[in-house]
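Chemist: Residue numbers (UniProt numbering): 1 to 170. Glycine included, each C-beta is placed from N, C-alpha and C at the ideal position. Please find one structure pasted underneath; my questions will follow.
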């Protein structure tokens with residue numbers, strides 16, 4: 001489970017870097033053609049929109065797996081150490097519930113609205129919607145894995161730390 005999680009994380013991170021570079025190239029082409037040739041292209045806006053959606057939502061998945069989401073930990077810092085793991089499980093359970101509902105209804109939405117075409121490129125709107133849906137599904141799976149790691153830590157506090165299992169405390 002750790003290896004699969006690590007492989008997916010590295011893949012998403014690498015692809016995010018490539019997509020960010022691709023977005024830079026798209027916008028560079030748009031600026032150059034507009035400024036130097038006085039011929040603005042119509043398709044770069046839509047492609048840069050898709051790449052921005054990709055970077056944003058798969059970046060959110062990266063933050064989930066790395067534990068880099070912003071959080072307010074004022075209450076968490078006031079809670080006794082023995083209660084924190086249980087609180088983390090409950091909070092992550094709530095996030096799982098939200099992501100599950102979002103994935104369920106998001107898939108239904110993609111089925112209905114995904115065939116609409118983008119005005120310039122003609123790409124289906126299902127493409128950016130699927131990017132969002134896939135990133136939410138990855139976050140859902142990762143939060144389930146994090147809860148499993150937390151339960152292992154609670155049941156055997158030394159095992160999780162010795163095996164190097166990391167779970168985000170966000």
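Counting C-beta neighbours from all protein chains within 10 Å, is the total for residue 47 16 or more, i.e. buried, or is it exposed?
Modeler: Stepping through the chain shown from its first residue, residue 47 is reached at position 47. Residue 47 is buried by the Cβ-count criterion.
Chemist: Which term fits residue 135, buried or exposed, when burial requires 16 or more other beta carbons within 10 angstroms of its beta carbon?
Modeler: For this step, residue 135 is matched to residue 135 along the chain shown. With 16 or more other Cβ atoms within 10 Å, it is buried.
Chemist: I think residue 131 touches residue 53, with their Cβ atoms under 8 angstroms apart; what is that distance to the nearest whole Å?
Modeler: Here residue 131 refers to the residue found at position 131 of the chain shown. Here residue 53 refers to the residue found at position 53 of the chain shown. That pair is a contact at about 5 angstroms.
Chemist: Check for me: the alpha helix (DSSP H) holding residue 68 runs from which residue to which?
Modeler: By one-based count along the chain shown, residue 68 stands at place 68. Where residue 68 is concerned, there is no enclosing alpha helix (DSSP H), given that its DSSP letter is neither H nor E.
Chemist: Taking the runs of the alpha helix (DSSP H) that are 4 residues or longer, which of them lie wholly in the segment 15-102?
Modeler: 44-66, 74-78
Chemist: What does residue 124 pair with, by DSSP beta-bridge criteria?
Modeler: Mapped onto the chain shown, residue 124 falls at position 124. DSSP, once it has assigned bridges, lists 117 as partnering residue 124.
Chemist: Taking only three categories from DSSP, how would you classify residue 1?
Modeler: Reading the chain shown from its first residue, position 1 is the one you call residue 1. Three-state DSSP puts residue 1 in coil, outside helix and strand.
Chemist: Measure the alpha-carbon distance for residue 125 versus residue 78 and round it to whole angstroms.
Modeler: The residue labelled residue 125 in the question sits at position 125 within the chain shown. The residue labelled residue 78 in the question sits at position 78 within the chain shown. Distance between the alpha carbons of residue 125 and residue 78 is about 46 angstroms.
Chemist: Given this structure, state the Cα-to-Cα distance separating residue 154 from residue 90, to the nearest angstrom.
Modeler: The residue labelled residue 154 in the question sits at position 154 within the chain shown. The residue labelled residue 90 in the question sits at position 90 within the chain shown. Taking the straight line joining both Cα atoms gives about 13 angstroms.
Chemist: Taking the C-alpha atoms as reference points, what is the distance between residue 59 and residue 80?
Modeler: Counted from its first residue, the chain shown places residue 59 at position 59. Counted from its first residue, the chain shown places residue 80 at position 80. Each residue's alpha carbon lies about 32 angstroms from the other.
Chemist: Using a 10 Å radius around the Cβ and a threshold of 16 neighbouring Cβ atoms, would you call residue 23 buried or exposed?
Modeler: Here residue 23 refers to the residue found at position 23 of the chain shown. Label assigned to residue 23: buried.
Chemist: For residue 5, which of 97, 140, 121 has the nearest alpha-carbon?
Modeler: Walking along the chain shown from the start, residue 5 turns up at place 5. Ranking the options by Cα distance to residue 5, first place goes to 140.
Chemist: Given a threshold of 16 other Cβ atoms within 10 Å of its Cβ, counted over all protein chains shown, does residue 104 qualify as buried or as exposed?
Modeler: Here residue 104 is taken as the residue at index 104 of the chain shown, counted from 1. With a threshold of 16 other beta carbon atoms within 10 Å, residue 104 falls short and is exposed.
Chemist: Report yes if the C-beta of residue 52 is less than 7 angstroms from at least one heavy atom of the ligand GTP; otherwise report no.
Modeler: As for the ligand GTP, it is missing from this structure, which has no ligand bound.
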